[in-house]
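**Q** My structure is below; once you've seen it, I'll send some questions.
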Amino acid sequence: MKGILLSGGTGSRLRPITHTGPKQLVPVANKPVLEYAIEDLKEAGVTEIGVILGNKGREEIQKLLGDGSKYGVDITYIVQGNPLGLAHAAGCARDFVGDDDFVMFLGDNILKQGIGDLVASFEAGDYGAGIALQEVDDPQAFGIADVDNHGNVTQLIEKPDDPPTNLALIGIYVFSNAVFDVIERLEPSWRGELEITDAIQTHLEDGHAIDSHVVEGWWKDTGKPEDILEANRLVLEDKRLSREGTVESGATVEGRVELHEAATIEADATVRGPVSIAADSVVKSGTYVGPYTSVGANSTLDGVHMENSVVIGDSTIETSGKVVDSLLGRGANIGSAENQLPEGRRLVVGENSQLKL
Amino acid sequence: MRIITHTCDSCGTVVAANELEANRVMKCPGLVCDSVLRFEDLPDDDREFFVDHADQYEL
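Respectively, the protein sequence lines represent chains F and Z.
Final position of the first sequence in my numbering is 388; the numbers increase by one with none missing.
Final position of the second sequence in my numbering is 202; the numbers increase by one with none missing.
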């Protein structure tokens, strides 16, 4: 079994964060989203991984993952170039996959449970494909699968008006090698892409059984800023957090707090977990860091009250204001306008930024 | 849809034809690989098919 990890895409819904880097490298609980996928693949026994690269952020992704040895996996890069669809991405991996079966994992997805059960279920039967599903509240917004009593998929419907089930495809698939011939027969959809749902549906119509596995626990597509915040909250809620850094006398630290050995919480600061604080970051006196916040490396928080936020890193935040539900890109700084005239906020804001003042 | 790729002989990195065609000559995007990849490295029939159906490979 090999793995295909999709790491292309424009990340348009995550702008301005993705103006300067790929969406798969946005950190959740101080770890790039893509690393969660690598770990899930490895945990499922998949150690030969083809990483699909698009037109954007290739060097950053290669710099992070390298040859995969630091994760105990072997990585081959596959340059798709133009984003011509998920089925096209899979098709580009044909030489890499060879005669094996393969797992296809969207690199901006993160899930609690891992993919071991999905892979095991596929391998236990004679299936053409296996798809991960999750129950959703708004099936009209997703690709939906209809399944029989044995969990075999009977049809796929993209964003149905009258959904037969609430089981949504979540972007993790297992395929037999036969899917490559199916992909060669597909034509681009109305949006010019080779659709993976078309590949699965055609596979089904060819007579291949399609297994399904309903994922228990949470799953997040981290495509939008609010998704990053929610994924950060979910991971911090579950993650084992270790406090290795310096907590000065007089600081108040409550709950589960991950503190890197090179990070400091100064006297008279308050940190209330779950929180993650990365290397070379300092929470200065008079600062409050509240639940579900991740502070990336080399950042200074001075005087701010911050909750439910992600600071990607290299930031200085020196204000007595309250910052909540926020995602700060690398190197973004917040200062204080106190005592400056004329009174008012002073902003240097990049394209596609979103502020609520 | 015919999916055309080229695999670097030195490092195994796979490059789609649209990328090769756009660059014509490119350094292999594999890690620490000095190979040079060319659109002309593709077999004649793959190149001909790609050029004849170039609109399929663009967004």
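C-beta atoms are modelled at their ideal positions from N, C-alpha and C, and glycine is treated no differently.
Please return the same chain residues whose Cβ sits closer than 8 Å to the Cβ of Phe-192/Z, not counting the five positions on each side in sequence.
**A** The residue given as residue 192/Z occupies position 49 in the second sequence. Answer for Phe-192/Z: Arg-145, Ile-147, listed in chain order.
**Q** Does Gln-232/F have its Cβ less than 9 Å from a Cβ in chain Z?
**A** The residue given as residue 232/F occupies position 201 in the first sequence. Not one chain Z Cβ lies under 9 Å of Gln-232/F.
**Q** As a quick exercise: from Pro-170/F, Ile-35/F, Lys-54/F, pick the residue whose alpha carbon is nearest that of Ser-43/F.
**A** Numbered from its first residue, the first sequence carries residue 43/F at position 12. The shortest Cα separation from Ser-43/F among Pro-170/F, Ile-35/F, Lys-54/F belongs to Lys-54/F.
**Q** Using a C-beta cutoff of 9 Å, does Asp-98/F count as contacting chain Z?
**A** The residue labelled residue 98/F in the question sits at position 67 within the first sequence. With 9 Å as the cut-off, Asp-98/F counts as an interface residue toward chain Z.
**Q** Against chain Z, with Cβ distances strictly below 9 Å, would Thr-49/F count as a contact?
**A** As a working mapping, residue 49/F is identified with position 18 in the first sequence. Chain Z, which has no Cβ nearer than 9 Å to the Cβ of Thr-49/F, makes this no.
**Q** What in chain F is Cβ-close to Val-157/Z, meaning under 8 Å?
**A** Locating residue 157/Z in the second sequence gives position 14, counting from the first residue. Simply Gly-81, Thr-107, Tyr-108, Ile-109, Val-110, Cys-123, Ala-124, Asp-126, Phe-127.
**Q** What is the residue span of the alpha helix (DSSP H) that Val-210/F lies within?
**A** Position 179 of the first sequence, counted from the start, is the residue given in the question as residue 210/F. That run of the alpha helix (DSSP H) goes 210-216.
**Q** Are Val-157/Z and Ile-109/F touching if we call contact CB-CB under 9 Å?
**A** Here residue 157/Z refers to the residue found at position 14 when the second sequence is read from its first residue. Here residue 109/F refers to the residue found at position 78 when the first sequence is read from its first residue. The answer is yes: Cβ separation under 9 Å.
**Q** Within the same chain, show all residues whose beta-carbon is closer than 8 Å to that of Gly-174/F, passing over the 5 residues directly before and after it, in chain order.
**A** Counting from one through the first sequence, the residue named residue 174/F turns up at place 143. Excluding the 5 residues flanking it on each side, Gly-174/F has same chain C-beta neighbours closer than 8 Å at Leu-187, Ile-188, Glu-189, Lys-190, Ala-199, Leu-200, Thr-228, in chain order.
**Q** Tell me the rounded alpha-carbon separation between Ala-328/F and Ile-296/F.
**A** Looking up residue 328/F in the first sequence gives position 297. Looking up residue 296/F in the first sequence gives position 265. Roughly 14 Å between the two C-alpha positions.
**Q** Mind listing the chain Z neighbours of Asn-113/F? Cutoff is C-beta to C-beta under 9 Å, in chain order.
**A** Position 82 of the first sequence, counted from the start, is the residue given in the question as residue 113/F. Going along chain Z in sequence order, the residues near Asn-113/F (Cβ under 9 Å) are Ala-159, Asn-161, Glu-162, Ala-165, Tyr-200, Glu-201, Leu-202.
**Q** Counting only beta-carbon separations shorter than 9 Å, does Ile-214/F have a partner in chain Z?
**A** The count along the first sequence starts at 1 and reaches residue 214/F at position 183. Yes, contact with chain Z.
**Q** So what does Gln-186/F bridge to, in DSSP terms?
**A** Start at 1 with the first residue of the first sequence, and residue 186/F comes out as number 155. Asp-177/F, per the DSSP bridge assignment.
**Q** Can you pull the DSSP bridge partners for Thr-324/F?
**A** Position 293 of the first sequence holds residue 324/F. The partner list for Thr-324/F (beta bridge, DSSP) reads Val-306/F.
**Q** Taking only runs of the alpha helix (DSSP H) that begin and end inside the region 90-162 of chain F, which ones reach a length of at least 4 residues, in chain order?
**A** 117-123, 125-128, 147-154
**Q** Could you spell out the range, first to last residue, of the alpha helix (DSSP H) harbouring Phe-193/Z?
**A** Within the second sequence, the letter at position 50 stands for residue 193/Z. Where Phe-193/Z is concerned, the enclosing alpha helix (DSSP H) stretches over 187-195.
**Q** What did DSSP end up calling His-234/F once you bin it into helix, strand or coil?
**A** As a working note, residue 234/F is residue 203 in the first sequence. Reduced to three states, the DSSP call for His-234/F is helix.
**Q** Would you list, in chain order, the members of the region 168-186 of chain Z that have their beta-carbon closer than 9 Å to a beta-carbon of chain F?
**A** Pro-172, Gly-173, Leu-174, Val-175
**Q** Could you please give me the residues that DSSP links to Trp-250/F through a beta bridge?
**A** The residue given as residue 250/F occupies position 219 in the first sequence. In DSSP, Trp-250/F forms a bridge with Leu-142/F.
**Q** Which runs of the beta strand (DSSP E) at least 3 residues long sit entirely within the region 328-366 of chain F? Give them in chain order.
**A** 331-333, 336-338, 347-349, 353-355
**Q** Thinking C-alpha only, which one of Glu-91/F, Val-128/F, Ile-241/F is nearest Asp-177/F?
**A** Here residue 177/F refers to the residue found at position 146 of the first sequence. It is Ile-241/F.
**Q** Start and end of the alpha helix (DSSP H) containing Asp-258/F?
**A** For this step, residue 258/F is matched to residue 227 along the first sequence. That run of the alpha helix (DSSP H) goes 256-269.
**Q** Grab me the residues of Gly-34/F's own chain with a C-beta within less than 6 Å of its C-beta, minus the 5 sequence neighbours each way, in chain order.
**A** In the first sequence, the residue the question calls residue 34/F occupies position 3. Within the same chain, Gly-34/F has close Cβ partners Leu-72, Val-77, Ile-80, Val-134.
**Q** Is the separation between the beta-carbon of Ala-363/F and that of Ser-351/F shorter than 9 Å?
**A** Position 332 of the first sequence, counted from the first residue, corresponds to residue 363/F. Position 320 of the first sequence, counted from the first residue, corresponds to residue 351/F. Contact: no.
**Q** For the candidate residues Phe-206/F, Asn-208/F, Ala-172/F, His-239/F, whose alpha-carbon lies nearest to that of Thr-185/F?
**A** On the first sequence, residue 185/F is found 154 positions in, with the first residue counted as 1. When each option's Cα is compared against that of Thr-185/F, the closest is His-239/F.
**Q** Could you pull out every residue in the same chain whose Cβ sits closer than 6 Å to the Cβ of Arg-167/Z, ignoring the five residues on either side in sequence?
**A** One-based indexing of the second sequence puts residue 167/Z at position 24. Closer than 6 Å at the Cβ level, and outside the excluded window around Arg-167/Z, lie Phe-182.
**Q** Taking Pro-219/F as the query, report the chain Z residues whose CB atoms sit under 7 Å from its CB, ordered along the chain.
**A** For the purposes of this step, residue 219/F is taken as the residue at position 188 of the first sequence. Simply Met-144, Gln-199.
**Q** Go through its chain and collect everything with a Cβ distance to Asn-161/Z's Cβ below 6 Å, but skip five positions before and after it.
**A** Indexing the second sequence from 1 puts residue 161/Z at position 18. Same-chain partners within the cutoff: Tyr-200.
**Q** Could you work out which residue in Thr-331/F, Pro-305/F, Leu-359/F is closest to Asp-311/F when comparing CA atoms only?
**A** Position 280 of the first sequence, counting from 1, holds the residue named residue 311/F. Taking only the C-alpha atoms, the option nearest Asp-311/F is Thr-331/F.
**Q** Check the C-beta distance from Arg-222/F over to Asn-339/F and give it rounded, since I have them as a contact under 8 Å.
**A** If you number the first sequence from 1, residue 222/F lands on position 191. If you number the first sequence from 1, residue 339/F lands on position 308. Rounded, the Cβ-Cβ distance is 35 Å, inconsistent with contact.
**Q** CB-CB under 6 Å to Pro-256/F, same chain, minus the five flanking residues each way: which ones, in chain order?
**A** Against the first sequence, residue 256/F aligns to sequence position 225. So the list reads Leu-358, once near-sequence residues are dropped.
**Q** Please report the distance separating the alpha-carbon of Ala-155/F from that of Pro-195/F.
**A** Translated into the one-based positions of the first sequence, residue 155/F becomes position 124. Translated into the one-based positions of the first sequence, residue 195/F becomes position 164. Each residue's Cα considered, the two are about 27 Å apart.
**Q** Cβ closer than 7 Å: which chain Z residues qualify as neighbours of Gln-93/F?
**A** Counted from its first residue, the first sequence places residue 93/F at position 62. The contacting residues are Leu-174.
**Q** Quick check: what's the CA-CA separation for Gly-138/F versus Gly-254/F?
**A** For the purposes of this step, residue 138/F is identified with residue 107 of the first sequence, where counting begins at 1. For the purposes of this step, residue 254/F is identified with residue 223 of the first sequence, where counting begins at 1. The alpha-carbon atoms of Gly-138/F and Gly-254/F are separated by roughly 10 Å.
**Q** Using beta-carbon positions only, say whether Asn-113/F and Ile-203/F come within less than 9 Å of one another.
**A** Working through the first sequence from its first residue, we reach residue 113/F at position 82. Working through the first sequence from its first residue, we reach residue 203/F at position 172. Not closer than 9 Å, so no.
**Q** Specify, as a first and last residue, the run of the alpha helix (DSSP H) that Tyr-67/F falls within.
**A** As a first step, residue 67/F must be located in the first sequence, where it is residue number 36. Unbroken alpha helix (DSSP H) run through Tyr-67/F: 64-74.
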